[in-house]
Amino acid sequence: ILGGVDALETKWPWQASVHYAGFHICGGSIVDEYWILSAAHCFDRNKNIKAFDIYVGLVDLKVAGNHTQWFEVNRVIIHPTYGLYHPIGGDIALVQLKTRIVFSDSVLPICIAPPDLTLSNLSCWATGWGYISRQGDTSNKLQEVRLPLIPWQLCQLLYGQTDILPDMLCAGNFRNMKTACEGDSGGPLVCEFDRTWVQIGIVSWGQGCAYPMYPTVFARVSFFSKWIHHHIENTPLPLQPLPALSSTLGAIISVLMTSLAVLSML
Amino acid sequence: TAHRHPASEEVAFSRDVACGQRHVQGK
Numbered sequence: 427i428l429g430g431v432d433a434l435e436t437k438w439p440w441q442a443s444v445h446y447a448g449f450h451i452c453g454g455s456i457v458d459e460y461w462i463l464s465a466a467h468c469f470d471r472n473k474n475i476k477a478f479d480i481y482v483g484l485v486d487l488k489v490a491g492n493h494t495q496w497f498e499v500n501r502v503i504i505h506p507t508y509g510l511y512h513p514i515g516g517d518i519a520l521v522q523l524k525t526r527i528v529f530s531d532s533v534l535p536i537c538i539a540p541p542d543l544t545l546s547n548l549s550c551w552a553t554g555w556g557y558i559s560r561q562g563d564t565s566n567k568l569q570e571v572r573l574p575l576i577p578w579q580l581c582q583l584l585y586g587q588t589d590i591l592p593d594m595l596c597a598g599n600f601r602n603m604k605t606a607c608e609g610d611s612g613g614p615l616v617c618e619f620d621r622t623w624v625q626i627g628i629v630s631w632g633q634g635c636a637y638p639m640y641p642t643v644f645a646r647v648s649f650f651s652k653w654i655h656h657h658i659e660n661t662p663l664p665l666q667p668l669p670a671l672s673s674t675l676g677a678i679i680s681v682l683m684t685s686l687a688v689l690s691m692l
Numbered sequence: 652t653a654h655r656h657p658a659s660e661e662v663a664f665s666r667d668v669a670c671g672q673r674h675v676q677g678k
């Protein structure tokens with residue numbers, strides 16, 4: 427995030443960090459106790475699903491707090507139109523965790539924008555652990571920035587008509603160089619509607635991070651909300667590991683087996 | 652509940668916890 431400030435714990439309780447091979451690579455958001463919403467391009471290039479970890483309840487990447495939880499990934503569902511009509515179009519992914527998130531005041535789900543959502547007069551914020559300068563400086567502290575929405579037609583004018591598709595929306599602050607940057611991908615753009623926070627965008631792409639005329643482009647969540655709900659409601663929960671034999675029961679069986687072995691030798 | 656907070660801060664969360672609701676702390 428360029429032009430942002432450190433976020434306080436519990437302010438963005440739906441924020442997730444997607445780690446690959448032990449390093450933060452993307453953001454995400456909690457949408458259900460088993461599901462994280464993120465960007466498809468965070469999971470492409472034949473990445474090994476076993477090397478992904480998801481963290482929630484985190485504000486400092488280097489310090490786990492009292493509410494920090496860590497998860498392995500069970501499956502990743504990439505939108506079928508990802509890269510089909512645009513190199514980074516359909517940039518949305520649902521990540522199913524192996525175990526359930528425990529909600530608390532620091533870990534909560536965000537609402538998904540409904541298909542008919544009208545975007546006007548909104549206070550919207552982007553959050554992430556991406557670069558904080560165009561030179562690639564980073565911060566371990568979660569950054570937040572308020573971003574004005576940019577009319578879709580204006581964004582088409584800035585980027586070119588074929589670059590901005592209906593499944594995208596744009597936001598950024600031209601005057602103060604406030605925007606999202608590398609490492610923020612997959613993170614949420616959220617707006618407050620009558621004291622309820624709704625996710626309207628997923629950080630997706632842009633022409634660099636700090637060219638004033640090129641705002642950040644987000645995957646438009648309302649365009650994908652039916653797809654999101656369909657998969658959350660219809661995907662089976664991950665298989666849970668069978669409980670291990672209790673130590674007491676295990677000890678009894680062990681004694682019995684030993685006794686039988688001794689008896690058989692007599 | 653598993654929350655380790657003073658009783659005044661405790662909030663009950665069911666599996667169907669409401670989305671988009673920040674924890675509001677009373678003053």
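Line by line, the protein sequences give chains A and B. Just so it is clear: in the first sequence, position 167 is 593 by this note's numbering, and no numbers are missing. Just so it is clear: in the second sequence, position 10 is 661 by this note's numbering, and no numbers are missing. For glycine and all other residues, C-beta sits at the position ideal for the given N, C-alpha and C. Nothing here was measured: the structure is a model prediction, and the numbers come from that model.
Does residue i get closer than 9 Å to chain B when you measure Cβ to Cβ?
i	result
S532(A)	yes
V457(A)	yes
W551(A)	no
W623(A)	yes
V444(A)	no
P696(A)	The requested residue 696(A) does not occur in the structure, where chain A is confined to residues 427 to 692.
P664(A)	no
K488(A)	no
I538(A)	yes
T661(A)	no
K604(A)	no
W440(A)	yes
T525(A)	no
K652(A)	no
So which of the options has the shortest CA-CA distance to residue i?
i	options	result
R601(A)	V502(A), M639(A) and F650(A)	M639(A)
W542(A)	L520(A), H493(A), K652(A) and G430(A)	It is worth fixing the name first, because residue 542(A) is Asp in this sequence and not Trp. Among L520(A), H493(A), K652(A) and G430(A), the Cα nearest to that of D542(A) is on K652(A).
G448(A)	W438(A), E498(A), H505(A) and A466(A)	E498(A)
H655(A)	A539(A), G429(A), A552(A) and R560(A)	A539(A)
Q666(A)	Q441(A), L523(A), D620(A) and K488(A)	L523(A)
G483(A)	V444(A), N500(A), N474(A) and L583(A)	V444(A)
V647(A)	R560(A), F619(A), A466(A) and I518(A)	I518(A)
M594(A)	D486(A), R471(A), G429(A) and G509(A)	G509(A)
W496(A)	I462(A), T507(A), I503(A) and P513(A)	I462(A)
V521(A)	N472(A), S455(A), G634(A) and T605(A)	S455(A)
P641(A)	V624(A), Q579(A), Q625(A) and F649(A)	Q579(A)
Suppose you measure from the CA of residue i to the CA of residue j; what does that come to, to the nearest Å?
i	j	result
V457(A)	Y585(A)	30 Å
N657(A)	G627(A)	Reading off the sequence shown, one finds His at residue 657(A), where the question assumed Asn. About 18 Å.
N474(A)	T622(A)	36 Å
S665(B)	E435(A)	The predicted position of S665(B) is uncertain, since its pLDDT is 46 and thus under 50; a value taken from the coordinates is nonetheless stated next. One C-alpha to the other measures close to 22 Å.
D563(A)	Y557(A)	5 Å
L534(A)	L583(A)	37 Å
F469(A)	K567(A)	23 Å
V431(A)	C670(B)	25 Å
Y694(A)	S630(A)	Limits of chain A in this structure are 427 at one end and 692 at the other, which puts residue 694(A) out of reach.
C607(A)	G634(A)	8 Å
Q569(A)	V489(A)	15 Å
Short of 6 Å in beta carbon distance, which residues of its chain neighbour residue i, apart from the five on each side in sequence? Order them along the chain.
i	result
S530(A)	H493
W438(A)	T553
L548(A)	C617
P664(A)	N500 and K524
Within the same chain, show all residues whose beta-carbon is closer than 8 Å to that of residue i, passing over the 5 residues directly before and after it, in chain order.
i	result
P574(A)	C550, A597, G598 and N599
Which residues in the same chain as residue i place their Cβ atom closer than 7 Å to its Cβ, once the five residues preceding and following it in sequence are excluded?
i	result
N472(A)	none
- Only counting runs of 4 or more residues, tell me where the alpha helix (DSSP H) segments fall wholly within the segment 552–587 of chain A, in order along the chain. Note on the segment 552–587 of chain A: whole alpha helix (DSSP H) runs with a minimum of 4 residues are 578–585, in chain order.
- Item | Segments of 3+ residues assigned as beta strand (DSSP E) that fall wholly inside the segment 573–654 of chain A | 594–597, 614–619, 622–631 and 642–646
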